[in-house]
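Each remark here refers to the structure printed beneath this line.
Residue numbers (this note's numbering): 49 to 504.
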């Protein structure tokens, strides 16, 4: 007889684990999926959807639950709090019968020793079922920032922070985009196959394929089981990469035979994009801080098999004099607050703080003060991040020009037509989720000029 799996209980245990042990969701979910690797695909998908959905909508769920519960969620026991969140999510956002969500919650409460609270759980959930066509929200006119915080499940301080930087009209587009379902974005490995050939092969593999929004070698794919089952993926014909992170290499002047250093490279998207352009005659050194991260790059290269890629474990803050002045292009996609990818990584909004963002600016500048030295005269540094914080982006452009010999140059002519006219005096670009058809990303470009035989 096939083993039965209670994926609701598994999801509940994962949610409690994340809250109690401050685990990142992808780690906690991944650990649990390993234990349930023999469960049916639909059960595993239900479990993942439930865990990720509760994390994504947690602030909203707590607001709704607090509206109908005499005991506020922050005062509930962790088990009850997460049971209610999980069950409310099923009622409001999943194709689950209301009665099933309520009954299973009551059963779990009793099973785990909370029989005395099963009536409370049932009462709160049944009230939500009766009220779900007219659920409360803060008054948008009286408390607009609190309204956005609750509706889009973003901490209030972060909503206010983004509003200060971008204004309310862009703010709501941005926040709403974080809740949209995102297809898998891929980049054709052009040295292996043409975009047209890749599209045809993916269709033969019964994958739904849509053209990218900005690059003719980018696609969005859906309706596949998992990537490892696709022959085109196993054969290294494409790399998984959001279009936003294709820009750093796309705006560079890389060509056959160039030397490239990717200083914070994991998992290797930009490394392999650069390798595609420099060819076997070129060289791409991919570095990152930890063995775990360099192993991610190695694993990807085992699949793609670019001999021109060399992976090294290296702290970007530590100078390597052997590489000073030797690189045609240095890719500096640096550690950042990640505000531009909150739609993909739900944990970011709950874990980042203003203090951490200030610390990240200092870390970025510490790295930049070292890595610019690897650029050869006439070479380029591409500085990029996946955040929306201007202190980490625009202010660092100013810092680079004031503290290094590098000069900012425009990326305007390298951009797709749809994005031109936004680069301003210094020529950098801020991509904004909800406004642009990709993650939030910042891209800037610098050159080390040689004048009169010396570097300026």
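Every residue gets a Cβ at the ideal spot worked out from N, C-alpha and C, and that includes glycine.
- Look at residue 471 and residue 463 and say whether their C-beta atoms are less than 9 Å apart. Against a cut-off of 9 Å, the Cβ pair of residue 463 and residue 471 comes out as a contact.
- Task: Could you tell me if residue 280 is buried or exposed, where buried requires 16 or more neighbouring beta carbons within 10 angstroms of its beta carbon?
- Result: Classification for residue 280: buried.
- Alpha-carbon to alpha-carbon, residue 252 and residue 86: 28 Å
- Message: Does residue 266 come out as helix, strand or coil in the three-state DSSP assignment?
- Response: When DSSP states are grouped into helix, strand and coil, residue 266 belongs to the strand group.
- Message: Please classify residue 50 as buried or exposed, where buried requires at least 16 other C-beta atoms within 10 Å of its C-beta.
- Response: Model confidence at residue 50 stands at a pLDDT of 43, short of 50, so the residue's coordinates are unreliable; what they give is reported in the following sentence. Exposed, by the Cβ-count rule.
- Item | Which of helix, strand or coil DSSP assigns to residue 492 | strand
- Query: How long is the line joining the alpha carbons of residue 152 and residue 422, rounded to whole angstroms?
  - Reply: 60 Å
- When the distance is taken between beta carbons, is residue 492 closer than 9 Å to residue 441? Yes, the Cβ-Cβ distance between residue 441 and residue 492 is below 9 Å.
- Item | C-alpha gap between residue 500 and residue 237, whole angstroms | For residue 500, the predicted structure reports a pLDDT of 49, less than 50, and the residue's modelled location is therefore unreliable. A value from the coordinates is still provided. Distance between the alpha carbons of residue 500 and residue 237: 40 Å.
- With respect to the alpha helix (DSSP H) encompassing residue 62, which residues constitute its N-terminal and C-terminal limits? Taken as a continuous stretch (DSSP letters only), the alpha helix (DSSP H) holding residue 62 covers 55-69.
- Task: Alpha carbon to alpha carbon, how far is residue 277 from residue 268? Give it in angstroms, no decimals.
- Result: 17 Å
- Task: Report all residues from its chain with a CB closer than 8 Å to the CB of residue 61; omit the five preceding and five following residues, and keep chain order.
- Result: 80
- Query: Among all the DSSP beta bridges, which residues are the ones paired with residue 377?
  - Reply: 308 and 428
- Buried/exposed call for residue 66, threshold 16 Cβ in 10 Å: Under this definition residue 66 is a buried residue.
- Query: Do you know offhand how far residue 434's Cα is from residue 201's?
  - Reply: Residue 434 and residue 201 have their C-alpha atoms some 20 Å from each other.
- Please confirm whether residue 490 and residue 420 have their CB atoms less than 9 Å apart. Their beta carbons are not under 9 Å apart, which means residue 490 does not touch residue 420 by this criterion.
- Pair every Cβ in the segment 317-326 with every Cβ in the segment 283-302, then say whether three or more of these pairs are closer than 8 Å. In short, these stretches touch, since the Cβ pair count reaches three.
- Task: Ignore the nearest five residues each way along the sequence and tell me which others in residue 224's own chain have a CB closer than 7 Å to its CB.
- Result: 200 and 482
- Query: At what residue ranges does the segment 70-109 contain a whole run of the alpha helix (DSSP H), taking only runs of 4 or more?
  - Reply: Taking 4 residues as the shortest admissible run, the segment 70-109 contains the following complete alpha helix (DSSP H) segments, listed from N- to C-terminal end: 73-83 and 89-104.
- Item | Whole runs of the beta strand (DSSP E) within the segment 208-239, excluding any shorter than 3 residues | 232-236
- Among the residues of its own chain, which have a CB less than 7 Å from the CB of residue 240, if the five just before and after it don't count? So the qualifying residues of the chain are 284 and 285.
- Task: Output yes or no for whether 9 Å exceeds the beta carbon distance between residue 59 and residue 109.
- Result: no
- Message: Within the continuous beta strand (DSSP E) that includes residue 256, where are the two ends?
- Response: 256-259
- Query: In its own chain, which residues sit with a C-beta less than 6 Å from the C-beta of residue 484, not counting the 5 before and 5 after it?
  - Reply: none
- Sheet register partners of residue 456 (DSSP bridge): 494
- Every unbroken alpha helix (DSSP H) within the segment 296-352, with a cutoff of 4 residues, ordered by chain: 317-326 and 339-352
- How about the segment 375-387 and the segment 178-190: do they share at least three Cβ pairs that are nearer than 8 Å? no
- Item | Where residue 242 falls: helix, strand or coil (DSSP) | coil
- C-alpha gap between residue 340 and residue 466, whole angstroms: 38 Å
- Query: Given that a residue counts as buried once 16 or more other Cβ atoms are within 10 Å of its Cβ, and exposed if not, what is residue 207?
  - Reply: buried
- Secondary structure of residue 283, DSSP reduced to three states: Here residue 283 sits in coil by DSSP.
- Query: Measuring CB to CB, does residue 425 end up less than 9 Å from residue 369?
  - Reply: no
- Query: Hey, how far is the Cα of residue 246 from the Cα of residue 263?
  - Reply: 14 Å
- Decide if the segment 169-177 is in contact with the segment 130-148; the criterion is three or more beta carbon pairs, one per stretch, under 8 Å apart. yes
- Query: Straight-line CA distance for residue 459 to residue 82?
  - Reply: 44 Å
- Message: Please identify the residue among 477, 438, 306 and 415 whose C-alpha is closest to the C-alpha of residue 510.
- Response: Here the chain comprises residues numbered 49 to 504, so residue 510 is not present and cannot be evaluated.
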